[in-house]
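Novice: In the numbering used here, the protein residues as written are 30 to 321.
Glycine included, each C-beta is placed from N, C-alpha and C at the ideal position.
Can you read through this structure? Questions will come right after.
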Ligand code: GUN
């Protein structure tokens, strides 16, 4: 069984970013990312803080906007419009989920698609479906695909089962795996909470992408011998014995599933660091594409 290391692959992606950033700076341009957080959800705050730190480590221009939970739709649209017009900003990310009174789809549509480094704008969703390489692909599925490529997992002709149909992970993951080229060319099945007899489907999978959002959901009985499992889950579960009182676990019951696998990602230490690395890569790409 191979343990696929997220931090190791993320390091490689970040080194590529670093090279590109040095080149861009030599041409007088510094890639800039703006991360907008509305409200004070603790998990979101932690994500936003680590994105900001990673930008600074790499020498990217980073703008972190923390807005109160009472921010109105109009005020948030105003913030997005300013960032769209700011030439120092190449990437814009509005942390999801926003407070309930915010119409998230409308905010996403207001972001300039050329700065939509999350890949959530309808233009970028369409570009992914069209296999147009100028589009932006959501960071988490892009990171999962990169993990498969770097681990030498052949996706061509493989049966990949994606569990989860979200716009952030499941849907774009399925599109990436079925696209032509490296990390693609797979036969893809998308399963979700309404799927009948999930186990009968996942047991056919050569590759399973678990993006369900339920702790330790995928069990040994769901997985065939020799499968590759990518665990996208980041679930907070109570752990009174720890300092924080909680710990992070994946969607996969790692201890029982891992022995059956050819390769698997742990949580933590798997997909998590890849999401941020791909965000940096998307920001560098947005900057490059903005140049004449
Ligand atoms: N919340 C959880 N993951 C993401 C992500 O990739 N982008 C944004 N904007 N919000 C998220």
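Can you give me the start and stop residues for the beta strand (DSSP E) that residue 241 sits inside?
Specialist: Position 212 of the chain shown, counted from the start, is the residue given in the question as residue 241. No beta strand (DSSP E) holds residue 241; DSSP gives it neither H nor E.
Novice: What number of angstroms, rounded off, separates the C-alpha of residue 34 from the C-alpha of residue 177?
Specialist: Taking the first residue of the chain shown as 1, we reach residue 34 at position 5. Taking the first residue of the chain shown as 1, we reach residue 177 at position 148. Using only the alpha carbons, I get a separation of about 11 Å.
Novice: Please list, in chain order, all residues of the same chain as residue 109 whose beta carbon is under 8 Å from its beta carbon, the five residues on each side excluded.
Specialist: In the chain shown, counting from the first residue as 1, residue 109 sits at position 80. 65, 121, 123, 136, 139, 140, listed in sequence order.
Novice: What does the Cβ neighbour count give for residue 89, buried or exposed, with the cut at 16 atoms within 10 Å?
Specialist: Taking the first residue of the chain shown as 1, we reach residue 89 at position 60. Per the 10 Å Cβ criterion, buried.
Novice: When the Cα atoms are used, what is the spatial distance from residue 61 to residue 224?
Specialist: Taking the chain shown and counting its residues from 1, the one referred to as residue 61 is at position 32. Taking the chain shown and counting its residues from 1, the one referred to as residue 224 is at position 195. The straight-line gap from Cα to Cα measures roughly 41 Å.
Novice: My guess is that residue 231 and residue 215 are in contact by the Cβ rule of under 8 Å, so how many angstroms apart are they, rounded?
Specialist: Residue 231 sits at position 202 when you count from the first residue of the chain shown. Residue 215 sits at position 186 when you count from the first residue of the chain shown. About 15 Å separates the two Cβ atoms, so there is no contact after all.
Novice: Looking at residue 42: is its Cβ nearer than 8 Å to the Cβ of residue 320?
Specialist: Here residue 42 refers to the residue found at position 13 of the chain shown. Here residue 320 refers to the residue found at position 291 of the chain shown. Contact flag unset, no.
Novice: For residue 318, which option in 143, 289, 308, 292 has the closest C-alpha, if you only look at C-alpha atoms?
Specialist: On the chain shown, residue 318 is found 289 positions in, with the first residue counted as 1. Cα-wise, what sits closest to residue 318 is 143.
Novice: My output table needs one value for residue 78: the three-state DSSP class, helix, strand or coil.
Specialist: In the chain shown, the residue the question calls residue 78 occupies position 49. Three-state DSSP puts residue 78 in a helix.
Novice: Identify which residue in 101, 172, 279 has its Cα closest to the Cα of residue 263.
Specialist: Residue numbering aside, residue 263 sits at position 234 when the chain shown is read from its first letter. It is 279 whose Cα lies nearest to the Cα of residue 263.
Novice: Can you tell me which of the three DSSP states residue 180 falls into?
Specialist: Here residue 180 refers to the residue found at position 151 when the chain shown is read from its first residue. Three-state result, residue 180: coil.
Novice: What are the start and end residues of the beta strand (DSSP E) that includes residue 298?
Specialist: Translated into the one-based positions of the chain shown, residue 298 becomes position 269. No beta strand (DSSP E) holds residue 298; DSSP gives it neither H nor E.
Novice: Establish whether the CB of residue 314 and some CB of chain B are separated by less than 8 Å.
Specialist: Among the chains of the structure shown, chain B does not appear; only one protein chain is present.
Novice: Where do the ends of the beta strand (DSSP E) carrying residue 61 lie?
Specialist: Indexing the chain shown from 1 puts residue 61 at position 32. Residue 61 -> beta strand (DSSP E) spans 61 to 67.
Novice: Would you check if the distance between the CB atom of residue 248 and the CB atom of residue 234 is smaller than 8 Å?
Specialist: For the purposes of this step, residue 248 is taken as residue 219 along the chain shown, with counting starting at 1. For the purposes of this step, residue 234 is taken as residue 205 along the chain shown, with counting starting at 1. No, the pair does not count as a contact, with Cβ atoms beyond the cut-off.
Novice: Which runs of the beta strand (DSSP E) spanning at least 3 residues fall entirely within the segment 120 to 152, listed in chain order?
Specialist: List check, beta strand (DSSP E) in window: 120 to 123.
Novice: Out of 236, 250, 153, which has the shortest C-alpha to C-alpha gap to residue 181?
Specialist: The residue you call residue 181 lines up with position 152 of the chain shown. Nearest of 236, 250, 153 to residue 181, Cα basis: 236.
Novice: Determine the DSSP secondary structure at residue 99, reduced to helix, strand or coil.
Specialist: Here residue 99 corresponds to residue number 70 of the chain shown, with the count starting at 1. Residue state, collapsed to three classes: coil.
Novice: Keeping to the same chain, check which residues put their C-beta closer than 7 Å to that of residue 328; ignore five residues upstream and five downstream.
Specialist: Residue 328 is absent from the model: the chain starts at 30 and stops at 321.
Novice: Between which two residues does the beta strand (DSSP E) containing residue 265 stretch?
Specialist: Start at 1 with the first residue of the chain shown, and residue 265 comes out as number 236. Element bounds for residue 265: 264 to 267.
Novice: In this structure, how does DSSP classify residue 291 when only helix, strand and coil are distinguished?
Specialist: On the chain shown, position 262 is the one that residue 291 refers to. Here residue 291 sits in strand by DSSP.
Novice: Within 7 Å: the Cβ of residue 122 and any heavy atom of ligand 1?
Specialist: By 1-based counting over the chain shown, the position of residue 122 is 93. For ligand 1, at least one heavy atom lies less than 7 Å from the Cβ of residue 122.
Novice: Taking Cβ to Cβ, would you say residue 312 is nearer than 8 Å to residue 119?
Specialist: Start at 1 with the first residue of the chain shown, and residue 312 comes out as number 283. Start at 1 with the first residue of the chain shown, and residue 119 comes out as number 90. Yes; because the gap between Cβ atoms is below 8 Å, this pair is in contact.
Novice: Give a yes or no on whether the C-beta atoms belonging to residue 201 and residue 258 are separated by under 8 Å.
Specialist: Numbered from 1 along the chain shown, position 172 holds the residue referred to as residue 201. Numbered from 1 along the chain shown, position 229 holds the residue referred to as residue 258. No, Cβ-Cβ distance for residue 201 and residue 258 is not below 8 Å.
Novice: Write down the C-beta distance between residue 83 and residue 305 rounded to the nearest angstrom, noting that I regard them as a contact closer than 8 Å.
Specialist: Residue mapping note: residue 83 aligns to position 54 of the chain shown, counting from 1. Residue mapping note: residue 305 aligns to position 276 of the chain shown, counting from 1. With 8 Å as the limit, residue 83 and residue 305 qualify as a contact, their Cβ atoms being about 5 Å apart.
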